[in-house]
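Trainee: Input: one structure, supplied below.
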Amino acid sequence: MEKHDVDLANGTEPKQHFPSQSEKPAATHHEPLSAKRPTLPFVADPTHDPEDRSRNIKYSDSDKSDIQSNNDTRVGDMTDIQNASKRPEAAGTTGRKKLNTTQTVIIFITNEVGIGILSLPSALNTLGFFPGILCIVVMGMLSLYTAYNLIQYWRKYPYMLNIVDYGRVLGGPWVEGIFAVGFLINMALICASAVVTLTIGLNTVSEHATCSVVFTVVAAVAMWALCVPHSMRFVSWASWPCTASIVCMLVIVLISLGVQGPRNPDLPLNLKAIGNPSFTQAVSAFLNIAFAYTGNQAFPTVLAEMENPSRDFPRAVTIEKCITTTIYVVVASTIYALAGENVTSPAIGSLQITMAKVAYGVAFLGLLGTGLIFGMTSARYLHVFFMRHVHLIQRGQSGRRASVASDPSRGRRSSLAMPEASKKTEWAVWIFAVTLFWFVVWILSNAIPVFNSLLNISSSLLLSWFTWGVTVLFWFHLNWNGRWRSSGKKIAVAALNVFILIIVFFMMVPGMYASIAALMAVFDDPNQQELVGKMHVKAISWTNVTCLQSSYGLDERRFGVRAITFAQMPVQTNSAFTVVIAL
Numbered sequence: 001m002e003k004h005d006v007d008l009a010n011g012t013e014p015k016q017h018f019p020s021q022s023e024k025p026a027a028t029h030h031e032p033l034s035a036k037r038p039t040l041p042f043v044a045d046p047t048h049d050p051e052d053r054s055r056n057i058k059y060s061d062s063d064k065s066d067i068q069s070n071n072d073t074r075v076g077d078m079t080d081i082q083n084a085s086k087r088p089e090a091a092g093t094t095g096r097k098k099l100n101t102t103q104t105v106i107i108f109i110t111n112e113v114g115i116g117i118l119s120l121p122s123a124l125n126t127l128g129f130f131p132g133i134l135c136i137v138v139m140g141m142l143s144l145y146t147a148y149n150l151i152q153y154w155r156k157y158p159y160m161l162n163i164v165d166y167g168r169v170l171g172g173p174w175v176e177g178i179f180a181v182g183f184l185i186n187m188a189l190i191c192a193s194a195v196v197t198l199t200i201g202l203n204t205v206s207e208h209a210t211c212s213v214v215f216t217v218v219a220a221v222a223m224w225a226l227c228v229p230h231s232m233r234f235v236s237w238a239s240w241p242c243t244a245s246i247v248c249m250l251v252i253v254l255i256s257l258g259v260q261g262p263r264n265p266d267l268p269l270n271l272k273a274i275g276n277p278s279f280t281q282a283v284s285a286f287l288n289i290a291f292a293y294t295g296n297q298a299f300p301t302v303l304a305e306m307e308n309p310s311r312d313f314p315r316a317v318t319i320e321k322c323i324t325t326t327i328y329v330v331v332a333s334t335i336y337a338l339a340g341e342n343v344t345s346p347a348i349g350s351l352q353i354t355m356a357k358v359a360y361g362v363a364f365l366g367l368l369g370t371g372l373i374f375g376m377t378s379a380r381y382l383h384v385f386f387m388r389h390v391h392l393i394q395r396g397q398s399g400r401r402a403s404v405a406s407d408p409s410r411g412r413r414s415s416l417a418m419p420e421a422s423k424k425t426e427w428a429v430w431i432f433a434v435t436l437f438w439f440v441v442w443i444l445s446n447a448i449p450v451f452n453s454l455l456n457i458s459s460s461l462l463l464s465w466f467t468w469g470v471t472v473l474f475w476f477h478l479n480w481n482g483r484w485r486s487s488g489k490k491i492a493v494a495a496l497n498v499f500i501l502i503i504v505f506f507m508m509v510p511g512m513y514a515s516i517a518a519l520m521a522v523f524d525d526p527n528q529q530e531l532v533g534k535m536h537v538k539a540i541s542w543t544n545v546t547c548l549q550s551s552y553g554l555d556e557r558r559f560g561v562r563a564i565t566f567a568q569m570p571v572q573t574n575s576a577f578t579v580v581i582a583l
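Take 1 as the starting number for the sequence shown in full-length UniProt numbering and just add one per residue.
See the structure below:
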């Protein structure tokens, strides 16, 4: 292969070589055209690390050639990107990309069919049957479209590992930083909601056998342990029992409501075809539906592990969205029809006490699955982030990296394999990343008052952008410079993306207002005020948290199944704030 000058230190593209008339191949030449094309560094090889020393060795900065390495593929063919499973891979990456369509579908289903579905029946009770079903279907369709935007963006820049890398390609290191902070906060809030829900279940099943703090520790440690195996194939295997447990829980809920009725069977159902909610109630219900489609932000991490993303990802995400939306519609409508206005959020609270315990017990694996997938996604990003900096420190380089956005040909900023680090270092960094993430999640699960407020705050502030908003930016990034208005079809798709962006702003601004208003209403409730008043009698610091169940006789009958209340208040102590946890 011909060599062409290229400055690898600065990441510039090789100088293109245009053969003269005499250099053109004869008509009988059977060598493929791609063999004569200038080698573009890293464009067709999404597994290549631009900082790979094997490409820089024995070459000075002023005299480097774009030679073919073991990681390079036949340049110029779209199949180099689309048929990833046929590409030669480095030894360090062999066996990593093993997810096929079936494994991807089950991960995606476990990713979405979890906590969110428990709030859908109450959303129908607020919005009314037909508006609620319409919202579920429309949001499912929009979620499918925005997922397709992800694969379009990946096809253009196939070296990205996670949603944060998408942000760097979109706008450079500053946008990458914004994506990283928002992504981690969002994932932590989702996992905290999983911890809270599992804690509620443990309290319900055990009849408050111990303090809620202990149950939050148990839930967080269990999810931490599931995230320790550093493999997406493990996630796909674990997703089967997790999804099965959620399905079994739903069957138990439906049968129990059909046979026994809701917890208060004497009350009328008062089914509403179209509801008449206040603005705060309507936005809160809409956000609960939006929370049910939060899996998109984790899709890029799974996409990076697939054998053939370009072919299999659209197929997998279409199957998953159809299955998920069907389950949502059937379960939400059936539970609402059986429980009526007595439905609670989560919906298990509508069951008789005994069956609620059974349903929660069956759903434990599914709740762990939610923490597994979102926790694994977050930990994998933290692991890559830490390993990149460990790699740079070991090489004695600064932390500044070349901008992928300004020069996409520089390729992926870090490969899946880290040949410079030992296995001990890699595993130590992985354990640290998992532990750090779940410790923060445990803190959050002890700091936000109620289940619905947790969902609403997460949905309105961050989920709206990471599930829908950023994909709109990706589409316009691909179709800028007038391409978005090049045809009638492009203009129509651009209008659809603008419509999605309007929904995102509606979810973010009024959504945060409604979430804060709902959160403040918790403390305006007389029962809550009485509880807070009692808490002032016995103020305790964060370092000496005390369970108040035995002190104040708080029980489930007074505060319902979701009887976990977290209150924060300033007190005259050495601590900056006081956290009191009561059952």
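Positions of the beta carbon are idealized from the N, C-alpha and C atoms, including for glycine.
(1) What does the alpha-carbon distance come out to for the pair residue 445 and residue 481?
(2) Is it right to say residue 71 is buried, meaning 16 or more other beta carbons lie within 10 angstroms of its own, or is it exposed?
(3) Does the segment 196-216 come close enough to the segment 474-488 that 3 or more CB-CB pairs lie under 8 Å?
(4) Taking its Cβ as the centre, do 16 or more other Cβ atoms sit within 10 Å of residue 270, making it buried, or is it exposed?
(5) Return yes when the Cβ of residue 343 is within less than 9 Å of the Cβ of residue 124, no when it is not.
(6) Suppose contacts are defined by Cβ-Cβ distances below 9 Å. Is residue 99 in contact with residue 302 by that definition?
(7) Mapping DSSP to helix, strand and coil, what is residue 259?
(8) On the CB-based measure, 16 or more other CB atoms within 10 Å of its CB, does residue 204 come out buried or exposed?
(9) Throw me the rounded Cβ distance for the residue 220 and residue 438 pair, which I believe falls under 8 Å.
(10) In the structure shown, what three-state DSSP assignment does residue 479 receive?
(11) Just mark residue 383 as buried or exposed, buried being the case when its beta carbon has 16 or more other beta carbons within 10 Å.
(12) Could you give the distance in angstroms between the alpha-carbon of residue 138 and the alpha-carbon of residue 426?
(13) Hey, is residue 480's beta-carbon within less than 9 Å of any beta-carbon in chain C?
(14) Please look up how many angstroms separate the CB atoms of residue 317 and residue 473, rounded, as I've assumed it's under 8 Å.
(15) Once DSSP output is grouped into helix, strand and coil, what is the label at residue 160?
(16) Kindly list the residues whose CB is nearer than 6 Å to the CB of residue 283, restricted to its own chain and excluding five residues on each side of it in sequence; keep chain order.
(17) Could you say if the segment 107-115 and the segment 317-329 meet the contact criterion of at least three C-beta pairs nearer than 8 Å?
(18) If you pair each beta-carbon of the segment 223-238 with each one of the segment 365-372, do three or more pairs fall below 8 Å?
(19) Based on Cα-Cα distance, which residue from 105, 103, 114, 132 lies nearest to residue 336?
(20) Using only CA atoms, which one of 167, 210, 246, 447 lies nearest to residue 297?
(21) Cα-Cα, which of 179, 385, 334 is closest to residue 130?
(22) For residue 148, collect the residues of the same chain with a Cβ closer than 8 Å to its Cβ; drop the 5 residues on either side in sequence, then sort them by chain order.
(23) Which stretch, first to last residue, makes up the alpha helix (DSSP H) that contains residue 193?
(24) What residue does the alpha helix (DSSP H) around residue 219 start on, and which one ends it?
(25) So, under 8 Å CB-CB, residue 292 and residue 462 are touching, yes? Tell me the CB distance rounded to an integer number of Å.
(26) In whole angstroms, what is the alpha-carbon distance linking residue 244 and residue 266?
(27) DSSP beta-bridge partners for residue 306?
(28) Closest to residue 356 by C-alpha separation, out of 424, 263, 321, would be which residue?
(29) Using the C-alpha atoms, what's the distance from residue 346 back to residue 257?
(30) Drop a sphere of 10 angstroms on the beta-carbon of residue 320, count the other beta-carbons inside from all chains shown, and report buried for 16 or more, exposed for fewer.
(31) What are the boundary residues of the alpha helix (DSSP H) that residue 431 is part of?
(32) Pull up the distance between the alpha-carbon of residue 1 and that of residue 288, whole angstroms please.
(33) Where does the unbroken alpha helix (DSSP H) through residue 466 begin, and where does it stop?
(34) Are the CB atoms of residue 201 and residue 443 nearer to each other than 9 Å?
(35) Have a look at residue 162 and residue 381 and give me their C-alpha separation to the nearest angstrom.
Mentor: Taking the definition as stated:
(1) 45 Å
(2) Unreliable placement is indicated for residue 71, whose pLDDT of 34 sits below 50; the coordinate value is still reported in the next sentence. Answer is buried; the Cβ neighbour count reaches 16.
(3) no
(4) exposed
(5) yes
(6) yes
(7) helix
(8) Looking at its Cβ environment, which holds 16 or more other Cβ atoms inside 10 Å, residue 204 is buried.
(9) 5 Å
(10) coil
(11) With a 10 Å radius around the Cβ and a threshold of 16 neighbouring Cβ atoms, residue 383 comes out buried.
(12) Rounded to the nearest angstrom, the two C-alpha atoms are 43 Å apart.
(13) Given the protein chain composition of this structure (a single chain), no chain C is represented.
(14) The Cβ separation is near 19 Å, so there is no contact.
(15) coil
(16) 510, 511, 514
(17) yes
(18) yes
(19) 132
(20) 167
(21) Residue nearest to residue 130 within the set 179, 385, 334 is 334 (criterion: CA-CA distance).
(22) 314, 317
(23) 173-206
(24) Where residue 219 is concerned, the enclosing alpha helix (DSSP H) stretches over 212-227.
(25) Not confirmed; about 15 Å, so no contact.
(26) Cα to Cα, residue 244 sits roughly 33 Å from residue 266.
(27) 99
(28) For the set 424, 263, 321, the Cα lying nearest the Cα of residue 356 is the one of 263.
(29) If I take the Cα positions, the gap works out to 14 Å.
(30) buried
(31) 423-445
(32) In this prediction, residue 1 has a pLDDT of 46, which is less than 50 and means its spatial position is unreliable; nothing more can be read from the coordinates.
(33) That residue, residue 466, is in no alpha helix (DSSP H); it is neither H nor E in DSSP.
(34) For residue 201 and residue 443, no; Cβs fall outside 9 Å.
(35) Take the alpha-carbon of residue 162 and the one of residue 381: they are about 7 Å apart.
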